[in-house]
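Okay, so here's the structure we're looking at.
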Ligand SMILES: *[C@@H]1O[C@H](CO)[C@@H](O)[C@H](O)[C@H]1NC(C)=O
Ligand SMILES: *[C@@H]1O[C@H](CO)[C@@H](O)[C@H](O)[C@H]1NC(C)=O
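In this note's numbering, the protein residues as written are 8 to 453.
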């Protein structure tokens with residue numbers, strides 16, 4: 008908030024709130040009636056977005072790059088002493104190094120919340136709360152969910168660290184509306200969310216989703232759905248996203264495996280910010296990630312999202328991610344396949360692509376190849392030439408190429424930080440080797 012003066016700030020909040028009320032119907036909030044409850048939640052969420060926004064995003068990108076250097080050099084110099092760890096915990100990134108090698112992770116589950124990096128770095132999820140053990144995979148009552156179910160857990164008001172008693176397959180009858188201050192921690196069980204509706208974070212803060220498998224998500228028909236202990240209301244049909252982040256801040260999605268959803272795998276829209284998506288494995292999907300869905304929603308300029316150590320794998324087509332406005336740090340991800348493009352956008356987003364590996368698909372038709380990593384939409388070159396899209400330390404394979412734009416020096420003129428270069432894309436195989444949901448067993452490192 009340092010960048011706003013006191014008086015200007017109130018004006019800005021009021022202005023943005025007015026713009027929200029006008030714009031939201033157009034971008035389908037799926038809220039049947041914008042009643043007092045949702046208006047209050049929307050207002051709090053906007054304040055949280057403004058508060059979570061970092062006025063100097065390069066401080067955040069630098070810190071992550073520095074921590075990758077430290078994690079890798081630490082490993083190199085202590086490799087001999089660490090032999091006893093044997094395998095998985097040797098080759099890893101700073102997020103994983105923070106917790107994964109602990110064989111007592113079961114007793115120290117909440118330590119995970121200290122490990123997030125990037126723009127979601129202040130996310131603590133349910134760290135201050137009790138454990139809630141999901142015992143029952145059913146999802147039959149949308150208004151009065153049965154105690155012991157995932158829906159009952161996520162609609163509680165107090166902070167909770169939600170874990171699973173055993174492996175289970177959950178078919179969500181309607182979108183799962185998650186309340187704030189929650190961690191959904193799938194470690195130690197194989198938790199598959201499939202065949203039904205997806206997960207919705209709408210006007211909430213502080214949510215961690217870790218270690219789930221999510222696939223084959225379809226639209227929910229809508230109806231009366233509970234969103235918290237105090238409220239339920241009518242929802243229209245949901246989109247069929249795996250995870251929909253809507254007007255929410257401080258969100259961390261880590262070690263999640265996702266494929267084949269009927270809309271996006273992960274969408275972040277309506278002024279969502281302070282988000283890190285890390286260590287995930289994505290496969291078999293068309294529109295992978297959409298960050299910003301409206302050209303006219305001003306708060307989207309506050310979007311700040313980190314994508315780090317993810318594996319964009321087989322059968323992906325486009326939008327990894329597709330961005331509007333905002334600031335996106337895409338760092339040390341492995342893009343082993345895409346059919347149309349990897350990173351795209353419109354409306355002047357800032358995209359810092361660092362230390363990724365981009366392997367273009369084979370050129371079958373030279374007139375219609377997809378070797379270009381990037382794609383700009385709805386703007387002539389005269390306009391997009393000034394958008395800041397940088398590629399640094401990216402490893403380009405199979406003729407992949409990244410079309411950069413914008414004047415970095417000009418953009419950084421007001422920044423006081425010295426930039427730390429990323430670890431180059433040649434390290435990506437090591438950094439992303441354990442992407443996706445892990446098979447953690449009690450008493451052993453994950
Ligand atoms: C989450 O925790 C914060 C800080 O304690 C609190 O202000 C907020 O109301 C909580 N959110 C919910 C949904 O309970
Ligand atoms: C095909 O790939 C080359 C680089 O290998 C590129 O310059 C050209 O623009 C591409 N053609 C099309 C139609 O995408």
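Backbone N, C-alpha and C fix where the C-beta goes; we use that ideal spot for every residue, glycine too. Since the structure is predicted, the reported quantities are computational estimates derived from the model, not experimental observations.
Annotated three-state conformation of residue 121 is helix, per DSSP.
Per DSSP, the beta bridge partners of residue 170 are 140.
The segment 37-48 makes contact with the segment 228-240, as at least three CB pairs between them are under 8 Å. In the DSSP annotation of this structure, the continuous segment of the beta strand (DSSP E) that includes residue 239 starts and ends at 238-242. In terms of Cβ geometry, residue 436 and residue 316 do not form a close pair [threshold 8 Å]. A heavy atom of ligand 1 is found nearer than 7 Å to the CB of residue 211.
DSSP links residue 288 through a beta bridge to 264 and 318.
In the DSSP annotation of this structure, the continuous segment of the beta strand (DSSP E) that includes residue 360 starts and ends at 357-361. For residue 187, the CB falls within less than 7 Å of some heavy atom of ligand 1. A residue is called buried once 16 or more other Cβ atoms fall within 10 Å of its Cβ, and residue 414, having fewer, is exposed. Ranking 331, 138, 99 and 262 by CA distance to the CA of residue 75 puts 99 first. In the same chain as residue 117, and ignoring 5 residues on each side of it, the C-beta atoms closer than 7 Å to its own belong to 134 and 168, in chain order. Proximity of the beta carbon of residue 164 to ligand 1 is indicated: a heavy atom of the ligand is located closer than 7 Å. Looking at the backbone, the Cα of residue 300 and that of residue 450 are separated by about 44 Å.
Here the alpha carbon of residue 147 sits roughly 21 Å from the alpha carbon of residue 39. Shown here, residue 54 sits in a helix according to DSSP, grouped into three states. Secondary structure at residue 333: coil, using DSSP grouped into helix, strand and coil. Cβ contact annotation for residue 246 (same chain, cutoff 7 Å, sequence separation greater than five): 226 and 270, in chain order.
Within the same chain, 294, 295, 296, 297 and 351 come within 7 Å of residue 326 by CB-CB distance, once the 5 residues on both sides are set aside. Looking at the DSSP output, residue 189 shares a beta bridge with 167 and 214.
Exposure of residue 406 is indicated by the presence of fewer than 16 other C-beta atoms within 10 angstroms of its C-beta. For residue 382, the secondary structure class from DSSP, reduced to helix, strand or coil, is strand. In this structure, the CA atom of residue 374 is about 53 Å from the CA atom of residue 239. Nearest to residue 397 by alpha-carbon distance, out of 378, 363 and 389, is 363.
For the pair residue 443 and residue 63, the Cα-to-Cα distance works out to about 30 Å. The beta carbon of residue 377 sits closer than 8 Å to those of 345, 346, 347, 348, 367 and 368, all from its chain and outside the five residues before and after it, given in chain order. In the DSSP annotation of this structure, residue 198 is not part of any alpha helix (DSSP H); the continuous beta strand (DSSP E) holding it starts and ends at 198-201.
Of all C-beta pairs linking the segment 306-313 to the segment 141-161, fewer than three are shorter than 8 Å, placing the two stretches out of contact. Distances from the alpha-carbon of residue 402 to those of 395, 389, 380 and 419 put 380 closest. Only buried fits residue 67, as 16 or more other CB atoms lie within 10 angstroms of its CB. Rounded to the nearest angstrom, the Cβ distance from residue 283 to residue 126 is 6 Å, consistent with a contact under 8 Å.
According to the DSSP assignment, residue 251 belongs to no alpha helix (DSSP H) but to the beta strand (DSSP E) extending over 250-253. Here DSSP, grouped into helix, strand and coil, assigns residue 181 to coil. The beta carbon of residue 265 sits closer than 7 Å to those of 221, 222, 249, 272, 287 and 289, all from its chain and outside the five residues before and after it, given in chain order. Taking one beta carbon from each stretch, the segment 204-224 and the segment 251-261 have 3 or more pairs nearer than 8 Å; the two touch.
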